[in-house]
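Undergrad:
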Amino acid sequence: MQASYDTQCPFCSVQCKMRVIEERHPDRQRPTYKIEGLPNAASEGRLCVKGINAYQHALSRERLLRPLLKSGGVFREITWEEALGVLADRISDIQAEHGPDAVGVYGGGSLTNESAYLLGKFARVALKTRYVDYNGRFCMSAAASAGVKTFGLDRGLTNPLSEVMHAECIVLAGTNIADCQPTLMPYFTKAKENGACIVVIDPRTTKTAEMADIHLKVKPGTDAALANGLLKVVVEEKLTNPSFIASRTSGYEDVQSYVTSLELTDIAALTGVDEDDIRRAARAFGRAGSGMIFTARGVEQHRDGHMAVRAFLNLILATGKIGKPGCGYGAVTGQGNGQGGREHGQKADQLPGYRLIENPEDRAYVAGVWGIDPADLPGKGVSAYEMMELVHKRDIRALLVMSSNPVVSNPNAAFVEEGLRSLDFLAVADMFLSETAMMADLVLPATAFLENEGTLTNLEGRVLLRGGDRPAPGEARHDWRLLSDLAARLGKGAYFPYTSAEQIFEELRVASKGGAADYYGITYERLRREGGVYWPCPDPEQPGTARLFERRFAHPDGRAAFAVAVNNEPGEKEDADYPLVMTNGRMLPHYLTGVQTRRSPALLARELENVMEIHPRTAERHRIGDGELVRVASRRGSMIVRSRLTADIREDTVFVPMHWGGVQNVNNATNPLLDPFCKMPDFKTSAVRIRTLNAADLAPLEAQEG
Ligand SMILES: Nc1nc2c(c(=O)[nH]1)N[C@H]1C(S)=C(S)[C@@H](COP(=O)(O)OP(=O)(O)OC[C@H]3O[C@@H](n4cnc5c(=O)[nH]c(N)nc54)[C@H](O)[C@@H]3O)O[C@H]1N2
Ligand SMILES: Nc1nc2c(c(=O)[nH]1)N[C@H]1C(S)=C(S)[C@@H](COP(=O)(O)OP(=O)(O)OC[C@H]3O[C@@H](n4cnc5c(=O)[nH]c(N)nc54)[C@H](O)[C@@H]3O)O[C@H]1N2
Ligand code: SF4
Ligand SMILES: [Mo]
């Protein structure tokens with residue numbers, strides 16, 4: 000017996016389409032599975048190792064099947080009736096005693112557009128709390144806010160992926176596409192075959208950097224200075240585009256005088272990149288007839304992530320490389336719905352369609368769609384990590400976490416854990432008992448990609464409809480349905496009457512209409528027929544907008560805005576006590592905090608435990624061999640990882656992936672210093688010291704395991 004399900008990979012922002020074919024055999028206990036990539040415009044039918052094995056976690060025996068309530072420290076299964084009753088009662092009690100803002104909601108970029116939209120509506124309409132935010136703060140906030148300030152609009156890629164191969168020069172800054180969006184690699188290799196010059200900016204020689212013609216092995220946390228150095232050379236060698244600058248931008252003079260006042264030798268010393276290499280890269284980009292710049296978390300997860308991105312955008316504007324074929328900017332979006340998840344209102348300051356909650360017209364419009372009085376909409380709340388600070392202060396007393404594992408993914412994890420423990424009530428909707436779910440009072444079983452139909456918006460701004468026909472296991476329930484059911488228990492059922500994801504999308508279309516991220520012209524029927532539609536798409540008769548900014552930018556004056564990005568030191572510098580810089584990021588087989596990929600045997604087998612990449616000469620200085628257990632400590636905390644010696648990394652830097660919790664969690668040590676513009680934490684520069692573990696260190700761990 001065979002069943003086949005057309006769906007999309009649950010992991011990264013490419014959103015590769017796939018078919019999962021399930022075959023039941025009369026003579027075998029368990030079905031077998033075959034995975035096929037399905038043709039689509041982004042991945043062109045390709046899948047990476049994570050996509051191919053994604054069915055494994057979705058079908059894992061560890062899936063949560065029924066709600067779990069903790070009493071006396073032990074979970075027991077309860078019915079949904081009971082679970083919704085407990086949750087509604089606790090919310091009502093806590094709000095009656097401490098006010099509506101005592102309850103917070105924390106979402107994620109894996110949620111479908113429908114669920115993300117509903118989470119925002121649920122917070123504002125059912126709970127009337129100002130405290131809603133999501134994990135995208137740690138992901139897209141620096142690039143998104145830089146796009147808004149520079150162009151007047153934030154959409155991951157300003158032009159379609161298909162144009163990448165026609166770019167003559169491509170700068171990949173702090174983005175490791177080979178491991179993080181593997182199915183996009185052919186676009187870049189084709190560009191290279193077509194003669195493009197590829198510049199990679201990364202402290203490590205990643206698989207992405209292996210393809211580079213010029214690799215700038217930057218010291219973590221100094222990208223703004225490096226981008227300024229590139230622009231300085233472009234300006235001084237007259238490689239700018241004066242007519243573009245004059246007709247389409249504002250603010251160039253200040254930037255020009257700032258970068259010309261800088262000395263390239265100072266920049267080389269700060270960034271650890273050779274002056275000649277800076278010159279070569281600047282000339283390659285400046286002289287190319289077309290070119291694109293991509294940034295990702297390597298540039299963005301710093302205390303100056305917003306300004307570091309703007310420094311790269313200055314380079315695009317000064318050379319006029321945007322709004323035409325093979326030219327543009329790409330903020331390489333991370334999560335499956337990292338793009339749509341930031342458009343429809345799960346951010347503290349935002350309403351659907353990129354409307355703003357503090358703008359009276361925007362409030363009036365969305366309140367009209369929701370059938371409420373604008374005066375009843377709360378004001379803006381605070382960012383994700385700041386919510387954790389309020390939890391710590393006990394201003395927020397109860398929290399509903401949906402599709403995130405904050406105790407592992409927030410910086411300064413011990414502080415966050417302490418806060419979550421002090422909550423009066425923690426509810427977590429997840430497919431698994433994640434590290435955060437383990438701490439909860441109530442756990443609600445969610446559905447997985449195979450079971451959950453809905454739309455997601457990929458890194459290009461292309462809206463896609465994901466199929467989800469496989470029946471959910473046990474009593475797992477869609478996130479949107481949980482929110483609707485809970486709203487009904489809170490007496491707000493009239494505002495949440497949905498029986499399908501499509502009904503929610505129909506409302507989202509109207510709520511986003513006229514906003515910057517306008518989905519009004521997109522319908523499920525169209526998505527089925529066309530495979531995907533780019534936003535903005537204000538009209539069902541319009542094709543959607545593939546290339547942005549061809550004639551004007553989205554600011555009222557139609558111009559893009561330059562901004563001076565000063566040369567910054569890293570957020571935390573090495574010293575005698577903490578002599579190395581630790582940065583962090585991803586490995587190919589695992590996804591984020593690893594809750595899903597560690598439950599996929601084929602993926603777990605590829606990387607079983609957390610590691611620290613270290614240069615052999617640095618390891619020798621610290622008397623550390625290959626494959627040893629090492630404690631990596633910052634001023635905030637420490638983790639235990641296995642050393643991996645590699646000459647691919649800078650000598651002053653170590654790299655630790657983010658896919659493990661508990662004693663292996665890199666975020667025990669990271670820095671919660673926030674970027675003032677976007678509240679992105681300074682994840683990627685912590686001063687650390689390292690030492691091998693001794694018997695005394697290991698004893699308590701062994702006792703724990705025993
Ligand atoms: N396999 C896999 N793929 C993923 C994910 C995953 O967890 N696993 N997560 C998805 C998500 S949500 C996201 S946000 C994206 C992230 O995608 P990326 O941002 O590409 O991933 P990272 O590994 O965090 O960082 C990219 C690179 O930045 C480098 N780097 C570190 N510090 C600096 C610095 O100061 N400056 C510069 N220029 N580079 C630096 C690192 O060495 C690393 O190679 O990936 C998505 N895809
Ligand atoms: N040190 C360091 N820390 C980082 C980063 C870094 O580079 N370095 N990167 C940051 C970035 S870019 C990101 S995006 C964050 C991500 O960090 P998290 O938000 O913690 O992301 P996940 O690990 O994907 O957690 C998602 C959880 O939701 C569950 N889940 C998945 N799909 C669904 C669904 O549809 N519904 C429900 N209810 N649950 C679901 C999963 O099982 C999992 O437990 O981490 C950030 N933290
Ligand atoms: S992880 Fe990303 S690149 Fe790999 S199959 Fe999934 S969506 Fe595609
Ligand atoms: Mo992310």
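In numbering that gives the first Met the number 0, the protein residues as written are 0 to 705. Ideal Cβ placement from N, Cα and C applies to all residues, glycine included.
#1: Going by C-alpha distance, which of G146, V104, F552 is nearest L126?
#2: From E80 to Q94, what distance separates their C-alpha atoms?
#3: Pick helix, strand or coil for F424, following the three-state DSSP scheme.
#4: Enumerate in chain order the residues of its own chain whose CB-to-CB distance from Q14 is below 7 angstroms, with the five nearest sequence positions on each side excluded.
#5: In this structure, how does DSSP classify V442 when only helix, strand and coil are distinguished?
#6: What's the call for S3, buried or exposed, on a 16-neighbour Cβ count within 10 Å?
#7: CA-CA distance, L425 and A436?
#8: For A486, list the residues DSSP reports as bridge partners.
#9: Within its chain, find whatever has a CB closer than 7 angstroms to the CB of L64; leave out the 5 residues flanking it on each side and keep chain order.
#10: Measure the C-alpha to C-alpha separation of L312 and A142 and round it to an integer number of angstroms.
#11: Of all the alpha helix (DSSP H) runs that stay within the bounds of the segment 36-113, which reach a length of 4 or more residues?
#12: Could you say which of R29, G44, N240 lies nearest to T318 if we only look at CA atoms?
#13: Taking only runs of the beta strand (DSSP E) that begin and end inside the segment 315-345, which ones reach a length of at least 3 residues, in chain order?
#14: Please state whether the Cβ-Cβ distance between G724 and G108 is less than 8 angstroms.
#15: Could you name the residues of the same chain whose beta carbon sits closer than 6 angstroms to that of R643, not counting the 5 residues immediately before and after it, in chain order?
#16: Please name the residue, chosen from W534, A553, V653, G584, that lies closest to G151 on a Cα-to-Cα basis.
#17: For F293, name the three-state secondary structure that DSSP assigns.
#18: Taking the alpha carbon of T446 as the reference point, which residue from S421, W479, E459, R546 has its own alpha carbon closest?
#19: If you follow the beta strand (DSSP E) that L673 is in, where does it begin and where does it stop?
#20: Express the C-alpha separation of E701 and A694 in angstroms, rounding to a whole number.
#21: Heavy atom of ligand 1 less than 7 angstroms from the Cβ of M437, yes or no?
#22: Could you tell me the alpha carbon to alpha carbon distance between I54 and L449, rounded to whole angstroms?
#23: According to DSSP, D132 sits in a beta bridge with which residue or residues?
#24: Tell me whether T435 sits in a helix, a strand or coil according to DSSP, three-state version.
#25: Is M184 helix, strand or coil by DSSP?
#26: Within 10 angstroms of the Cβ of A604, are there 16 or more other Cβ atoms? Answer buried if so, exposed if not.
#27: Rank P675, V442, V655 by C-alpha distance to the C-alpha of A668 and give the top, closest one.
#28: Skipping 5 residues on each side, what residues in its chain have a beta carbon closer than 6 angstroms to that of V442?
#29: Report the residue from G370, Y384, T174 whose alpha carbon sits nearest the alpha carbon of P671.
#30: Quick one: residues in its chain with C-beta nearer than 6 angstroms to the C-beta of G705, no 5 flanking neighbours on either side, listed in chain order?
#31: Shortest alpha-carbon distance to D10 belongs to which of T31, C47, G530, K33?
#32: Could you check the C-alpha separation between K231 and L261 for me, to the nearest Å?
#33: Which of helix, strand or coil does DSSP assign to Q663?
#34: Starting from H589 and walking both ways along the beta strand (DSSP E), at which residues does that stretch end?
#35: When the distance is taken between beta carbons, is V631 closer than 8 angstroms to T691?
#36: Within its chain, find whatever has a CB closer than 8 angstroms to the CB of V102; leave out the 5 residues flanking it on each side and keep chain order.
TA: To lay it out plainly:
#1: V104
#2: 21 angstroms
#3: strand
#4: Q7, C8, A41, G335, L455, N457, L463
#5: strand
#6: exposed
#7: 9 angstroms
#8: DSSP lists no partner for A486.
#9: P444, P472, G473, E474, A475
#10: 10 angstroms
#11: 48-51, 53-57, 79-97
#12: N240
#13: 327-330
#14: Since the first and last residues shown for the chain are 0 and 705, residue 724 lies out of range.
#15: V610, E612
#16: A553
#17: strand
#18: W479
#19: 670-673
#20: 10 angstroms
#21: no
#22: Rather than Ile, the amino acid found at residue 54 in this sequence is Tyr. When rounded, the distance between both Cα atoms is 8 angstroms.
#23: Y105
#24: helix
#25: helix
#26: exposed
#27: V655
#28: L67, V427, A436
#29: Y384
#30: Only weak support exists for where G705 lies, its pLDDT of 49 falling under 50; the coordinates are left without a value.
#31: According to the sequence provided, residue 10 is Phe. The question's Asp does not apply to it. Residue C47 is the option with its Cα nearest to F10.
#32: 8 angstroms
#33: helix
#34: Element bounds for H589: n/a, residue is neither H nor E.
#35: no
#36: I90, I93, Q94, L126, T128, Y130, I395, R396, A397, L398, L399
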